[in-house]
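Q: Residue numbers (my numbering): 18 to 469.
From the three backbone atoms N, C-alpha and C, an ideal C-beta is built for every residue, glycine too.
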Amino acid sequence: MASEHASAMRPATDEGKKTPLRFNFTKTSVSAIKPPANGWSVVYDTKVRGLLVLTTARGVKTFYLARRRHGQYKRHRLGRWPDITIEYARKLADEVRADDAGNETQEVKQIALRMKWTMADLFNHYIPHAKRHKKSWESDQDQFDRYLKDRHGWTTKQLGTVTQEDIRLLHAAIGDDHGIYAANRLLALLSVMFKFASLPNVCRGVKRFTETERDRILTGEEFPRFMAAVLEEKNTTIRDYILISLFTGARRSNTMAMAWKDIDLAAAVWRIPETKSGEPVRVHLPEPALEVLRARKADNEAEEDPSTYVFPGRSGGHLQEAKAAWSAILDRAGIQNLHLHDLRRTAGSYAAATGASMLIIGKALGHKSTASTHVYARLSLDPVKGAMDKAVDAMITAANGKPPAPAAPAPAAPAAPTIDILGELERLAALKAAGVITDEELALLKARLLSK
């Protein structure tokens, strides 16, 4: 039975020749093909383009049809010789080529039909795929709703009429109205959508805006106004969601989906089952965060139908959006250009300001980008508790209108290690002996301990 082989056809050579050997296939000529010393050899027919006989070192001869499909050379197995005759092999080769032509015609018809879709049609076909394969599909939905739904004519625009210039103008307009980051994210989404539908990608060639890394945090001067505005928020779910975001530095999506089953109030630990990195993370809960959670838990348990989520949504599930309330809070506080994600950066910055190392900050925020963070993830959560407690204390001090106390200067290196450092060194040695950390990781942690 004929079958498709996905491997590309290598150029066939014979006896060191640089071009494939070709001759008219007859019973005599095919019988005369000698097996190679090793591997396999290929000879092409001169009557039917692409028809070949592949001969193995064991003398097995097989008919194939080689042709280019979607930019790749592929071979289609027709059958062994002499089980099938040369005439039948040529007939099968012609049939396969006819099927190819029919398939290509069908593909062209399907593309023509998709070109009649509107942009809304394309997104409605794409989003179920995104939900199955992308953790960030909600961001795709948000971008479409925010930047295309309300933009005149775009949702009803037929894909066949969209040009690269249309995309370039849209990208520029979104950049003017919503910022370069939003424009670049939308351009990336549109590109993925066109690729998903196997349509000509009119986004290709549109130059993205140059981005700089965002470093916005709440300043000491802004903190009192910000906290006052948050505490004035009448929607207690939004108010507490923002406070927990600030006190933990957790990502927005994780905080919105915070579930009671993942919180251990006694141990002051929140276990996030799955983060952006794809792995679970344990987050320390400072006392101000615990106060918020205890109050919410008491209120939730008093409800007739308690929610499984800390921040329940209005129509079931968990909180999905806080844009309107966030905008109102910033207006009350007189603060501009502050995003919800900037609270995460603020938590990390205050941890650094109170003396936490980058390694500890990475652990506290659930980062997985550096080797040192990866090492500490295998150790204890204890060092993180102190760092985040100090950071939150500093934020509350700033909220009361007082500047945060500077980090204490590092003490001079002791002449000999203290008992605590010796204990840490012994624990690291035990981890190394157990194969939990490598020699390089052990050396890194030793250096950090002895530099304190």
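Can the beta-carbon of Ala83 be found closer than 8 angstroms to that of Arg94?
A: no
Q: Can you list, in chain order, the residues of its chain with a C-beta nearer than 7 angstroms to that of Gly192? Leave out the 5 residues immediately preceding and following it.
A: Ala200, Phe226
Q: Could you give the DSSP three-state label for Thr36: helix, strand or coil?
A: In this structure, Thr36 counts as coil in the three-state DSSP scheme.
Q: Checking 8 angstroms against the spacing of the C-beta atoms, do Phe243 and Ala306 come in under that value?
A: no
Q: Between Glu230 and Tyr198, is the Cβ-Cβ spacing less than 8 angstroms?
A: no
Q: To the nearest angstrom, how far is it from the Cα of Asn41 to the Cα of Thr180?
A: So the alpha carbons of these two residues sit roughly 50 angstroms apart.
Q: Hey, which unbroken runs of the alpha helix (DSSP H) at 4 residues or more fall wholly within the region 254 to 292?
A: 269 to 273
Q: For a quick check, are the C-beta atoms of Ile255 and Ala319 less than 8 angstroms apart?
A: no
Q: So what does DSSP say about Pro217, is it helix, strand or coil?
A: In the structure shown, the three-state DSSP call for Pro217 is coil.
Q: Pull up the distance between the alpha-carbon of Ala381 and that of Ala364, whole angstroms please.
A: Reliability of the predicted coordinates at Ala381 is poor, the pLDDT of 47 falling under 50, and no value is obtained from them.
Q: What does the alpha-carbon distance come out to for the pair Ala190 and Ile184?
A: Approximately 10 angstroms between the Cα atoms of the pair.
Q: Let me confirm a value: Met273 is counted as buried when at least 16 other C-beta atoms fall within 10 Å, else exposed. Which label applies?
A: buried
Q: Take the Cβ of Glu32 as the centre, count every other Cβ of all protein chains shown within 10 Å, and call the residue buried at 16 or more, exposed below.
A: Its pLDDT being 41, under 50, Glu32 is placed unreliably by the model, and nothing is read from it.
Q: Assuming Asp62 contacts Leu71 under a Cβ cut-off of 8 angstroms, what Cβ separation, rounded to an integer in Å, is found between them?
A: In fact, because the Cβ distance is near 12 angstroms, the residues do not count as touching under 8 angstroms.
Q: Could you say which of Pro37, Glu291, Phe328, Val219 lies nearest to Glu182 if we only look at CA atoms?
A: Val219
Q: Do Ile346 and Ala267 have their C-beta atoms within less than 8 angstroms of each other?
A: no
Q: Alpha carbon to alpha carbon, how far is Val8 from Gly351?
A: No information on residue 8 is available, as it lies outside the stretch 18 to 469 that the chain covers here.
Q: Which class does Arg1 belong to by DSSP, given the choice of helix, strand or coil?
A: Examination of residue 1 is not possible in this model, given that the chain is present from 18 through 469 alone.
Q: Between Ala137, Ile50, Thr79, Glu239, which has its C-alpha nearest Arg168's C-alpha?
A: Ala137
Q: Thinking C-alpha only, which one of Ile128, Lys133, Phe80, Leu130 is nearest Arg477?
A: Here the chain has residues from 18 to 469 only, and residue 477 is not among them.
Q: Can you check which of these residues, Asp116, Ala205, Glu249, is closest to Asp348 by C-alpha distance?
A: Comparing Cα-Cα distances from Asp348 to each of Asp116, Ala205, Glu249, the minimum goes to Glu249.
Q: Since His150 is in the alpha helix (DSSP H), which residue starts that stretch and which ends it?
A: 136 to 150
Q: If you draw a straight line from the C-alpha of Gly196 to the C-alpha of Leu203, how long is it?
A: In a straight line, the C-alpha of Gly196 is about 11 angstroms away from that of Leu203.
Q: Between the Cα of Gly237 and those of Asn55, Pro53, Thr414, Lys51, spot the shortest distance and give me the residue it belongs to.
A: Thr414
Q: By Cβ distance, which residues of its chain are closer than 7 angstroms to Ala342, with the 5 residues on each side in sequence left out?
A: Glu250, Asn252, Ile255
Q: Buried or exposed, going by whether 16 or more other CB atoms sit within 10 Å of the CB of Phe213?
A: exposed
Q: Put Lys167 into one of helix, strand or coil per three-state DSSP.
A: Going by the sequence as given, residue 167 is Asp instead of Lys. Looking at Asp167 - three-state DSSP - the assignment turns out to be coil, as it is neither helix nor strand.
Q: How should His384 be labelled, buried or exposed, when 16 other C-beta atoms within 10 angstroms of its C-beta is the threshold for buried?
A: Unreliable positioning characterises His384 in this predicted model, as indicated by a pLDDT of 46, which lies under 50. The coordinate reading is nonetheless provided below. So His384 counts as buried.
Q: With distances taken Cα to Cα, identify the nearest neighbour of Leu139 among Asp117, Leu165, Lys151.
A: In terms of Cα proximity to Leu139, the closest of Asp117, Leu165, Lys151 is Leu165.
Q: Closest to Ser215 by CA distance: which of Lys174, Pro290, Tyr143, Asn271 is it?
A: Tyr143
Q: Consult DSSP for Ser156 and reduce its assignment to one of helix, strand or coil.
A: helix
Q: With H, G and I counted as helix, E and B as strand and the rest as coil, what does DSSP make of Val125?
A: Note: Val125 maps to helix in three-state DSSP.
Q: Would you mind working out which of Arg361, Glu291, Lys152 sits nearest Arg269, comparing C-alpha positions?
A: Ranked by Cα distance from Arg269, the first of Arg361, Glu291, Lys152 is Arg361.
Q: Are the beta-carbon atoms belonging to Tyr258 and Phe328 less than 8 angstroms from one another?
A: yes
Q: Per DSSP, Lys251 is paired with what?
A: The partner list for Lys251 (beta bridge, DSSP) is empty, contrary to what the question assumes.
Q: Thinking just about the alpha-carbon of each residue, which of Val65, Leu235, Arg66 is nearest to the one in Leu357?
A: Leu235
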